[in-house]
């Protein structure tokens, strides 16, 4: 069963003539996104535009669901897919700053039971490799796990029979599995469940009140589950979609355009949001820096 949910996250730097047309710019954006909605198969989407340390435009377009007349707004909580990975990376960098994690340590330092069928190779995988997708792990391993409290530990067990065909650090492959392991490291080192860590150290400081990776929060947040594809194209997906959802650290996050605007402000301003720092400017710069240099990438 496949599903899709459309979430537009727009980041625009406004310079030159645009900066002198602050009144006209939002109107131009509004007209543009209205035309996007007309051409889109999705019933609706939400938009946020950040400039420097402020949200200068946020709005929802269309409907939340194809079968109900509820308007999409900037505060509608919906799936943001692999943008979740940036939160996992940020959380890991917080632990690096705290002296609890070294990106170039082997994963086995933090997860001693981690191994694959060819242990010699898996012992070479570092925390950094999990985050830059050069671990040699493939993306589909974590997809087969059920989303429950034991999912991350189940991942370690399932990897014991997985054979690494690529040498760690030598090639790039997009892998949810690596981020799932990163999420488990965050749990082990911090002593908090992944969802609770993000809530305490990222969402609360950034006033992201309608953002969560915890399925127990989803009903209260009235999150959207997207719409199905294939022969069921356009039919709203239900809560049962969670049974095939990726585990939290790779793609589980639900958020809103407005909340993500706060997140972008912090990323664009050296980790600072409204006089609060979630990360140092040096660590933010390290997150933006290119990590790999392979042909074709």
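Numbering (this note's numbering), first residue to last: 735 to 1031. Note that beta-carbon positions come from the ideal geometry of N, C-alpha and C, so glycine has one too.
Taking the alpha-carbon of residue i as reference, which of the options has the nearest alpha-carbon?
i	options	result
residue 760	770, 793, 776, 911	793
residue 923	1008, 830, 1003	830
residue 898	925, 937, 943, 849	849
residue 1023	817, 808, 862	862
residue 1008	954, 941, 810, 1021	941
residue 838	892, 890, 865	865
residue 913	821, 780, 954, 888	821
residue 888	847, 767, 858, 818	847
Grab me the residues of residue i's own chain with a C-beta within less than 6 Å of its C-beta, minus the 5 sequence neighbours each way, in chain order.
i	result
residue 919	844
residue 937	945
Count the other CB atoms, across all protein chains shown, that sit within 10 Å of the CB of residue i; report buried if there are 16 or more and exposed otherwise.
i	result
residue 870	buried
residue 984	buried
residue 895	exposed
residue 828	buried
residue 901	exposed
residue 1027	exposed
residue 1041	Nothing can be reported for residue 1041: it is not among the residues displayed for the chain, which extend from 735 to 1031.
residue 995	buried
residue 768	exposed
residue 904	exposed
Can you tell me whether DSSP reads residue i as helix, strand or coil?
i	result
residue 793	strand
residue 986	coil
residue 812	strand
residue 788	strand
residue 1025	coil
residue 779	strand
residue 1011	strand
residue 807	coil
residue 899	coil
residue 992	helix
residue 774	coil
Grab me the residues of residue i's own chain with a C-beta within less than 7 Å of its C-beta, minus the 5 sequence neighbours each way, in chain order.
i	result
residue 929	946, 947, 948, 982
residue 787	999, 1003
residue 808	780, 782, 792, 793, 794, 990, 991, 992
Apart from the five residues on each side of it in sequence, which residues of its chain come closer than 8 Å, Cβ to Cβ, to residue i?
i	result
residue 1005	1011, 1012, 1013, 1014, 1015, 1017, 1018
residue 873	907, 908, 909, 910, 911
So, do the region 945–952 and the region 851–864 have three or more beta carbon pairs nearer to each other than 8 Å?
-> no
Per the contact definition of three or more C-beta pairs closer than 8 Å, is the region 766–778 in contact with the region 903–920?
-> no
With contact counted as at least three CB pairs below 8 Å, one residue from each stretch, are the region 988–1000 and the region 781–797 in contact?
-> By the C-beta criterion, the region 988–1000 is judged to be in contact with the region 781–797, since at least 3 inter-stretch pairs fall below 8 Å.
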